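Remarks on the structure that follows.
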Amino acid sequence: MMKPVKRLYLSTDEIHLADASLVLELNSCGRGFITAQTTTDYTGKLVRLDVGYSGLLLRWFTGYVERSQPAENGYQRLFVRELAGVFERMWPCSFQHPTLRDVAGWLEENSGISIAVPDVPYSDKPIPHFTHNGTGYQLLNNLGRAFSITDYIWYPLPDGSLYVGGAEKALFAGRPVEIPAEFSQGTAGGNSMTLPVIQSLRPGVDVNGERVTKVHLANDTMTITWT
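For the sequence shown, the UniProt record's numbering assigns the number 1 to the initial residue and increments by one for each residue that follows.
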């Protein structure tokens, strides 16, 4: 089996990655821990991880370093979050006659994160009003109900931008993946599977007929969970 390649960038510096444990989740913000060979404090700086094999590396995680602490000699242990982590704080708002596209545009303007909505009727159909007093995550979760969107999901994309809308228009719609049982390095409780790294696997992908809700990258393996 070929060994996976992982390329870590902190700010714009390519840094040797010693250890990675990162979780991406559907309708949530990815996060995790990285141990990097550096003595620099990159707190608040951008982090990007490309994952794959020598023939094909794909960007897998785009976020920022929330905190950093020295690990063993010459290493730092970093807690990182996807860019959508800005939505953890309170995002109060009140709109009259907004469309989904209006709310997404307002979120984009106030977060600096690109937010994609699908080009379908529900994105441009106004509702009487939309008011929210909780966190940004709760706001993102509420949009499906507010705008009557069937099978609503939101998730960060590999470049850190967000998709909000129905699953049928999402990045991976209509591109199911079949993974033969012999690839599995273990299963737990019938709804998860541990695999060698597959760089295109993310929450939202349909694998063996099930929608993946969580992907945990632990160095050279990925554990995928579905509902």
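Using N, Cα and C, we set each Cβ at its ideal position, and we do this for glycine too.
In this text the structure is predicted, and so the values were computed from the model without any measurement.
Below 8 Å between beta carbons: does that hold for residue i and residue j?
i	j	result
Tyr64	Gly44	yes
Val86	Ser54	no
Asp159	Lys3	no
Tyr152	Gly174	no
Glu82	Phe61	yes
Val207	Val177	yes
From what residue to what residue does the beta strand (DSSP E) around residue i run?
i	result
Ser94	Cys93 to Gln96
Gln185	Per DSSP, Gln185 belongs to no beta strand (DSSP E) and is neither H nor E.
Arg89	Counting along the chain, Arg89 falls outside any beta strand (DSSP E), and DSSP gives it neither H nor E.
Arg145	Run containing Arg145: none in the beta strand (DSSP E); it sits in the alpha helix (DSSP H), Gly136 to Ala146.
Pro156	Tyr152 to Pro156
Glu25	Leu17 to Glu25
Using three-state DSSP, classify residue i as helix, strand or coil.
i	result
Ser192	strand
Asp124	helix
Lys214	strand
Glu178	coil
Under the rule that 16 or more other beta-carbon atoms within 10 Å means buried, what is residue i, buried or exposed?
i	result
Gln199	buried
Lys125	exposed
Starting from residue i, follow the alpha helix (DSSP H) in both directions and report where the run begins and ends.
i	result
Arg101	Leu100 to Ser111
Arg67	No alpha helix (DSSP H) contains Arg67, which is instead part of the beta strand (DSSP E) from Leu56 to Pro70.
Gln76	Counting along the chain, Gln76 falls outside any alpha helix (DSSP H), though it belongs to the beta strand (DSSP E) covering Gln76 to Glu82.
Are the stretch 97-106 and the stretch 117-133 touching, with three or more C-beta to C-beta distances below 8 Å?
Cβ pair count under 8 Å is three or more, so yes.
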